[in-house]
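*Asks:* One structure follows; several queries about it will come next.
There are 4 protein chains.
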Amino acid sequence: MVKPIDSSIKDENLIKQRREELQKGAVSLFKQKGFHRATTREIAKAAGFSIGTLYEYIRKKEDVLFLVCDAIYDEVKARMESVINIQESTREALHEAVKSYFQLMDDMQDEVLVLYQELKALPKDAQEYVLGKEKEMLQLLERVIQDSYPSLTEKELSLISNNIFIQGQMWGFRRWILQKEFTLEEYTDLQFELLQTQLGKRAIQ
Amino acid sequence: MVKPIDSSIKDENLIKQRREELQKGAVSLFKQKGFHRATTREIAKAAGFSIGTLYEYIRKKEDVLFLVCDAIYDEVKARMESVINIQESTREALHEAVKSYFQLMDDMQDEVLVLYQELKALPKDAQEYVLGKEKEMLQLLERVIQDSYPSLTEKELSLISNNIFIQGQMWGFRRWILQKEFTLEEYTDLQFELLQTQLGKRAIQ
Amino acid sequence: MVKPIDSSIKDENLIKQRREELQKGAVSLFKQKGFHRATTREIAKAAGFSIGTLYEYIRKKEDVLFLVCDAIYDEVKARMESVINIQESTREALHEAVKSYFQLMDDMQDEVLVLYQELKALPKDAQEYVLGKEKEMLQLLERVIQDSYPSLTEKELSLISNNIFIQGQMWGFRRWILQKEFTLEEYTDLQFELLQTQLGKRAIQ
Amino acid sequence: MVKPIDSSIKDENLIKQRREELQKGAVSLFKQKGFHRATTREIAKAAGFSIGTLYEYIRKKEDVLFLVCDAIYDEVKARMESVINIQESTREALHEAVKSYFQLMDDMQDEVLVLYQELKALPKDAQEYVLGKEKEMLQLLERVIQDSYPSLTEKELSLISNNIFIQGQMWGFRRWILQKEFTLEEYTDLQFELLQTQLGKRAIQ
DNA sequence: TATGAATGAGTTTTCATTCAT
DNA sequence: GATGAATGAAAACTCATTCAT
Numbered sequence: 001m002v003k004p005i006d007s008s009i010k011d012e013n014l015i016k017q018r019r020e021e022l023q024k025g026a027v028s029l030f031k032q033k034g035f036h037r038a039t040t041r042e043i044a045k046a047a048g049f050s051i052g053t054l055y056e057y058i059r060k061k062e063d064v065l066f067l068v069c070d071a072i073y074d075e076v077k078a079r080m081e082s083v084i085n086i087q088e089s090t091r092e093a094l095h096e097a098v099k100s101y102f103q104l105m106d107d108m109q110d111e112v113l114v115l116y117q118e119l120k121a122l123p124k125d126a127q128e129y130v131l132g133k134e135k136e137m138l139q140l141l142e143r144v145i146q147d148s149y150p151s152l153t154e155k156e157l158s159l160i161s162n163n164i165f166i167q168g169q170m171w172g173f174r175r176w177i178l179q180k181e182f183t184l185e186e187y188t189d190l191q192f193e194l195l196q197t198q199l200g201k202r203a204i205q
Numbered sequence: 001m002v003k004p005i006d007s008s009i010k011d012e013n014l015i016k017q018r019r020e021e022l023q024k025g026a027v028s029l030f031k032q033k034g035f036h037r038a039t040t041r042e043i044a045k046a047a048g049f050s051i052g053t054l055y056e057y058i059r060k061k062e063d064v065l066f067l068v069c070d071a072i073y074d075e076v077k078a079r080m081e082s083v084i085n086i087q088e089s090t091r092e093a094l095h096e097a098v099k100s101y102f103q104l105m106d107d108m109q110d111e112v113l114v115l116y117q118e119l120k121a122l123p124k125d126a127q128e129y130v131l132g133k134e135k136e137m138l139q140l141l142e143r144v145i146q147d148s149y150p151s152l153t154e155k156e157l158s159l160i161s162n163n164i165f166i167q168g169q170m171w172g173f174r175r176w177i178l179q180k181e182f183t184l185e186e187y188t189d190l191q192f193e194l195l196q197t198q199l200g201k202r203a204i205q
Numbered sequence: 001m002v003k004p005i006d007s008s009i010k011d012e013n014l015i016k017q018r019r020e021e022l023q024k025g026a027v028s029l030f031k032q033k034g035f036h037r038a039t040t041r042e043i044a045k046a047a048g049f050s051i052g053t054l055y056e057y058i059r060k061k062e063d064v065l066f067l068v069c070d071a072i073y074d075e076v077k078a079r080m081e082s083v084i085n086i087q088e089s090t091r092e093a094l095h096e097a098v099k100s101y102f103q104l105m106d107d108m109q110d111e112v113l114v115l116y117q118e119l120k121a122l123p124k125d126a127q128e129y130v131l132g133k134e135k136e137m138l139q140l141l142e143r144v145i146q147d148s149y150p151s152l153t154e155k156e157l158s159l160i161s162n163n164i165f166i167q168g169q170m171w172g173f174r175r176w177i178l179q180k181e182f183t184l185e186e187y188t189d190l191q192f193e194l195l196q197t198q199l200g201k202r203a204i205q
Numbered sequence: 001m002v003k004p005i006d007s008s009i010k011d012e013n014l015i016k017q018r019r020e021e022l023q024k025g026a027v028s029l030f031k032q033k034g035f036h037r038a039t040t041r042e043i044a045k046a047a048g049f050s051i052g053t054l055y056e057y058i059r060k061k062e063d064v065l066f067l068v069c070d071a072i073y074d075e076v077k078a079r080m081e082s083v084i085n086i087q088e089s090t091r092e093a094l095h096e097a098v099k100s101y102f103q104l105m106d107d108m109q110d111e112v113l114v115l116y117q118e119l120k121a122l123p124k125d126a127q128e129y130v131l132g133k134e135k136e137m138l139q140l141l142e143r144v145i146q147d148s149y150p151s152l153t154e155k156e157l158s159l160i161s162n163n164i165f166i167q168g169q170m171w172g173f174r175r176w177i178l179q180k181e182f183t184l185e186e187y188t189d190l191q192f193e194l195l196q197t198q199l200g201k202r203a204i205q
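Chains as they are written, first to last, in UniProt numbering: chain A, 1 to 205; chain B, 1 to 205; chain C, 1 to 205; chain D, 1 to 205.
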């Protein structure tokens with residue numbers, strides 16, 4: 001299910017390029033002031049073009065938010081896929097996956113923050129579309145875990161994946177408390193240790 | 001440390017009462033449309049007074065947001081304190097505490113959602129003030145856990161408390177996925193089981 | 001021709017007293033912020049009573065301005081009359097009169113400033129009423145001059161009185177320039193010297 | 001020393017042109033109702049553009065007042081300079097200068113009135129900037145007088161210039177009394193006569 | 001395609017005035 | 001007579017969106 005945004009521009013490549021510029025500028029702007037406080041003029045400026053040009057590539061201000069959220073999810077997802085080795089499904093692979101995921105969440109803290117705070121400002125249908133991508137990411141995690149710990153029940157698997165998922169996001173989202181107490185490495189190691197305890201216990205049941 | 005909001009009304013009791021009305025109305029409004037999409041006129045109406053009266057009790061629209069966030073935290077905190085039995089510190093007490101906390105988060109889903117989405121719209125100092133209350137809640141959780149499992153390291157204690165804390169919030173915040181797969185009871189039980197595994201392992205170390 | 005302001009209070013003495021308080025407070029307020037920038041709440045506060053009470057003694061905000069302008073003129077006029085000795089009409093008396101008038105304008109700079117800046121904000125009829133008082137003051141000056149220099153034509157008399165009159169007001173109104181170059185004494189002496197030249201010349205014609 | 005007003009318009013020429021339109025409309029509006037009673041919508045309308053457009057060329061309502069005061073002073077000053085012949089410094093030139101200045105004050109009565117009433121509504125720094133222009137005008141007068149009557153002391157020169165200056169302004173400001181008794185010609189002639197008496201006396205000292 | 005000036009509906013905020021206590 | 005809470009009309013100002021160039 002795609003959710004394309006109308007544009008009066010014909011050249012598809014140009015659209016792609018401009019929207020990328022737009023998205024980059026908008027994220028850094030939304031980081032600072034959030035979607036609602038950012039004006040379309042500021043968005044255009046941050047993207048490097050005029051207000052008139054902005055409206056050649058979107059129809060409403062809300063479209064910018066959609067574009068941004070969509071792009072962030074795409075990037076997170078792409079990087080997760082590139083990093084998670086599904087072929088290899090040892091327990092070591094899980095460790096690597098979690099480490100890579102947490103590292104990714106550290107790299108993309110600001111983007112994730114924007115996502116958390118502004119997603120609800122999207123219209124319901126756009127929200128659902130974007131959250132679909134999150135589900136795919138969750139499934140990616142689930143698969144890695146299941147490969148290493150096949151004896152988990154479906155609910156255990158689902159819950160544990162969810163927990164890891166949000167623990168990664170929280171590293172950035174709750175940085176004001178977590179990053180004062182832990183380095184990324186400490187956080188990663190300790191969370192993984194706790195995870196292993198849970199999994200280990202369950203694996204031998 | 002208090003953060004009072006100026007009012008031109010002299011009767012302190014009236015201020016208290018009206019602000020409570022205001023806060024009640026505003027929460028239910030923000031649930032629907034969020035802070036930014038709600039107009040001051042709508043806020044006044046939702047609280048049951050005229051726009052003029054609204055501005056007798058606040059100075060800026062932002063003040064409403066502060067009032068709301070502050071009140072939510074206060075309520076959550078008060079209910080947590082009333083529910084967590086610090087006297088009794090058996091492991092059963094921890095179970096009760098976690099169950100009560102998750103129940104509370106279920107009851108106050110909408111409020112927590114509002115908090116998550118709008119907190120960043122507050123000025124920095126108000127944000128810090130409000131987040132201070134969150135820290136106190138975290139400490140409450142920490143204390144209960146520590147009483148039952150005194151051998152945990154400081155970092156383990158901190159991380160585990162954080163995990164429980166956000167797992168409670170996520171129950172409401174990520175309802176679109178969790179509440180489709182779990183009932184509150186299932187979610188609570190399974191999370192507590194996982195928690196016990198972690199704690200049990202560590203307790204006997 | 002009187003221009004009374006309605007009041008719901010019966011006790012005439014109380015009205016008089018309260019309006020005096022009001023007028024005092026208002027002048028000092030208008031000095032700072034001008035009539036338009038001063039709110040009725042501030043006016044009430046400056047006068048030492050509540051907004052409700054304020055409206056027992058006036059009907060509209062504009063009434064305050066009228067009261068103030070009226071009171072200032074009354075005071076200026078009363079002090080001029082007390083100071084100008086009409087009985088004695090030597091040329092020395094003129095010197096005394098001018099000196100006293102300039103001193104008076106120095107004492108009441110702020111009041112005169114308020115008058116200059118806000119009089120035009122009054123409705124036409126109130127303006128006319130108040131300006132009537134100014135004419136009486138001018139006539140006072142005219143009479144003193146005429147007594148000493150009876151050979152002046154009517155127009156000369158009128159113009160010279162006007163000039164003295166505004167030179168007095170300017171001392172306060174244009175203080176930003178005059179009071180940097182002159183002391184009050186210097187200003188008075190030099191203006192009077194110039195005046196004498198004019199009068200002397202004309203007296204012997 | 002300039003005091004520029006921010007605008008979101010890029011075309012400098014357009015800014016100049018629009019602000020001129022704005023200033024023209026605003027003066028005629030302020031003449032009628034004064035600055036405070038004029039709404040921004042009325043100002044926009046008087047200038048011939050929409051409220052949105054108005055705010056493309058100014059930041060605050062106050063900016064309009066500054067624009068207006070500044071423009072009036074500039075016009076008065078330009079016309080004074082064009083009319084006062086500094087080359088030629090006979091006593092006849094002084095007569096011409098005074099006549100021209102009084103004529104100018106007659107032409108611009110309304111503008112001068114606006115200036116008198118609204119200048120104090122400007123922020124202090126803008127006031128000082130504008131009053132700087134008034135000083136330059138005073139110096140212009142001083143120079144003309146000094147050229148014809150070089151033996152005057154500095155204080156005499158300063159005071160006499162000031163007197164002429166305000167006599168011109170008062171012609172418009174106190175029209176309710178002066179213009180009932182004098183024609184402009186009579187006023188000019190008589191004031192000049194009085195002036196000459198003073199100067200003549202002093203010149204031969 | 002790109003630009004940016006123009007627009008006006010909609011928003012926040014103020015404040016003179018009223019009126020129940 | 002005094003008080004001050006309540007009111008809402010009206011004000012300043014913003015900003016998404018359009019459209020002529």
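Ideal placement from N, C-alpha and C gives every residue a C-beta, glycine not left out.
On a predicted model such as this, the values are computed, not experimentally measured, just so you know.
State yes or no: is the beta carbon of S28 (chain B) nearer than 8 Å to at least one beta carbon in chain A?
*Replies:* Taking Cβ atoms only, chain A never reaches closer than 8 Å to S28 (chain B), which makes this a no.
*Asks:* Under 8 Å: do the segment 62-77 of chain A and the segment 162-176 of chain A share three or more Cβ pairs, one atom per stretch?
*Replies:* The segment 62-77 of chain A, when compared against the segment 162-176 of chain A, does not touch it at the 8 Å Cβ threshold.
*Asks:* Taking 8 Å as the CB-CB cut-off, is E181 (chain A) touching chain B?
*Replies:* Yes, because at least one Cβ of chain B sits closer than 8 Å to the Cβ of E181 (chain A).
*Asks:* With DSSP collapsed to three states, give me the class of S28 (chain A).
*Replies:* Correct three-state label for S28 (chain A): helix.
*Asks:* Taking 8 Å as the CB-CB limit, is W171 (chain A) close to chain B?
*Replies:* No, W171 (chain A) lies away from the interface with chain B (no Cβ there is under 8 Å from its Cβ).
*Asks:* At a CB distance below 8 Å, what residues from the segment 154-165 of chain B approach chain A? Give them in sequence order.
*Replies:* Listed in sequence order: K155, E156, S158, L159, I160, N162, N163.
*Asks:* If you count every other CB in all the chains shown that lies within 10 Å of the CB of I160 (chain D), and 16 or more means buried, which is it?
*Replies:* Buried, by the Cβ-count rule.
*Asks:* Starting from F66 (chain D), trace the alpha helix (DSSP H) both ways and give me its first and last residue.
*Replies:* Taken as a continuous stretch (DSSP letters only), the alpha helix (DSSP H) holding F66 (chain D) covers 61-83.
*Asks:* Taking C-beta pairs closer than 7 Å, name the residues in chain B that residue 213 (chain A) reaches, listed in chain order.
*Replies:* Since the first residue shown for chain A is 1 and the last is 205, residue 213 (chain A) is missing from the structure and cannot be characterised.
*Asks:* Does any residue of chain C have a CB that is nearer than 8 Å to the CB of K99 (chain D)?
*Replies:* Not an interface residue.
*Asks:* Would DSSP call Y129 (chain B) helix, strand or coil?
*Replies:* Three-state result, Y129 (chain B): helix.
*Asks:* Which residue from C:L190, C:E142, C:S148 puts its Cα closest to that of N163 (chain D)?
*Replies:* Cα-wise, what sits closest to N163 (chain D) is C:L190.
*Asks:* Quick one: using the 10 Å Cβ neighbour count with 16 as the cut-off for buried, is Q156 (chain C) buried or exposed?
*Replies:* Correcting the residue identity first, residue 156 (chain C) is Glu in this sequence and not Gln. When all chains shown are included, E156 (chain C) counts as buried.
*Asks:* Beta-carbon within less than 6 Å of V98 (chain B)'s beta-carbon, same chain only, minus the 5 sequence neighbours each way: which residues are those?
*Replies:* Within the same chain, V98 (chain B) has close Cβ partners F192.
*Asks:* Near S8 (chain A), which residues of its chain fall below 8 Å by C-beta distance, leaving aside the five closest residues on each side in sequence?
*Replies:* Same-chain partners within the cutoff: E56.
*Asks:* Check the Cβ-Cβ distances between Q191 (chain A) and every residue of chain B, and say whether any is below 8 Å.
*Replies:* It does; some Cβ of chain B falls within 8 Å.
*Asks:* Less than 8 Å separating the beta-carbons of S158 (chain B) and E185 (chain A)?
*Replies:* Not in contact: S158 (chain B) and E185 (chain A) (Cβ atoms no closer than 8 Å).
*Asks:* Can you find the residues in the same chain that come closer than 8 Å, C-beta to C-beta, to L113 (chain C), ignoring five residues on each side of it along the sequence?
*Replies:* Result list for L113 (chain C): K31, G172, F173, in chain order.
*Asks:* Is there at least one Cβ from chain C nearer than 8 Å to G52 (chain D)'s Cβ?
*Replies:* No, its Cβ sits nowhere closer than 8 Å to a Cβ of chain C.
*Asks:* Here's the rule: buried if 16 or more other CB atoms are within 10 angstroms of the residue's CB, otherwise exposed. What is M1 (chain A)?
*Replies:* Unreliable placement is indicated for M1 (chain A), whose pLDDT of 38 sits below 50; the coordinate value is still reported in the next sentence. When all chains shown are included, M1 (chain A) counts as exposed.
*Asks:* By Cβ distance, which residues of its chain are closer than 8 Å to A44 (chain B), with the 5 residues on each side in sequence left out?
*Replies:* For A44 (chain B), where only same-chain residues beyond five positions count, the Cβ hits under 8 Å are S50, I51, T53, L54.
*Asks:* For my contact list, R202 (chain B) and S148 (chain B) are in at a C-beta cut-off of 8 Å; report their separation, rounded to the angstrom.
*Replies:* With a Cβ gap of about 12 Å, R202 (chain B) and S148 (chain B) do not count as contacting.
*Asks:* To the nearest whole angstrom, what separates the beta carbons of W176 (chain D) and L131 (chain C), a pair I think is in contact under 8 Å?
*Replies:* About 6 Å; that satisfies the 8 Å criterion.
*Asks:* If the cut-off is 9 Å on Cβ atoms, which residues from the UniProt domain "HTH tetR-type" (16-76) of chain D count as contacting chain C, listed in chain order?
*Replies:* If the cut-off is 9 Å between Cβ atoms, the UniProt domain "HTH tetR-type" (16-76) of chain D has G34, F35, H36, R37 near chain C.
*Asks:* Taking 8 Å as the CB-CB limit, is K133 (chain C) close to chain D?
*Replies:* Taking Cβ atoms only, chain D never reaches closer than 8 Å to K133 (chain C), which makes this a no.
*Asks:* By the DSSP assignment, the alpha helix (DSSP H) with A97 (chain C) in it spans what residues?
*Replies:* It spans 91-107 - the alpha helix (DSSP H) in which A97 (chain C) sits, taken as one unbroken run.
*Asks:* What are the start and end residues of the alpha helix (DSSP H) that includes F173 (chain A)?
*Replies:* Its alpha helix (DSSP H) spans residues 154-173.
*Asks:* For G48 (chain C), name the three-state secondary structure that DSSP assigns.
*Replies:* Three-state result, G48 (chain C): coil.
*Asks:* When we look at the beta-carbon of Q117 (chain D) and count the other beta-carbons within 10 Å, is it buried (16 or more) or exposed?
*Replies:* Burial call: buried.
*Asks:* According to DSSP, simplified to helix, strand and coil, what is Q17 (chain C)?
*Replies:* Three-state DSSP puts Q17 (chain C) in a helix.
*Asks:* Does L14 (chain B) have its Cβ less than 8 Å from a Cβ in chain A?
*Replies:* Closer than 8 Å: no.
*Asks:* Count the other CB atoms within 10 Å of the CB of G48 (chain D); is the residue buried (16 or more) or exposed (fewer)?
*Replies:* Label assigned to G48 (chain D): exposed.
*Asks:* If we call anything under 8 Å between Cβ atoms a contact, is residue 234 (chain B) one with T197 (chain A)?
*Replies:* Not covered by the structure: residue 234 (chain B). The range shown for chain B is 1 to 205.
*Asks:* Determine the chain A residues that contact K124 (chain B) at a beta-carbon separation under 8 Å, and present them in chain order.
*Replies:* Here the premise fails: no neighbours, minimum Cβ distance about 11 Å.
*Asks:* Taking C-alpha atoms, which residue in C:G200, C:L199, C:L194 lies nearest to L199 (chain D)?
*Replies:* Looking at the Cα atoms, C:L194 is the closest of the given residues.
*Asks:* Does DSSP classify I5 (chain A) as helix, strand or coil?
*Replies:* Three-state DSSP puts I5 (chain A) in coil, outside helix and strand.
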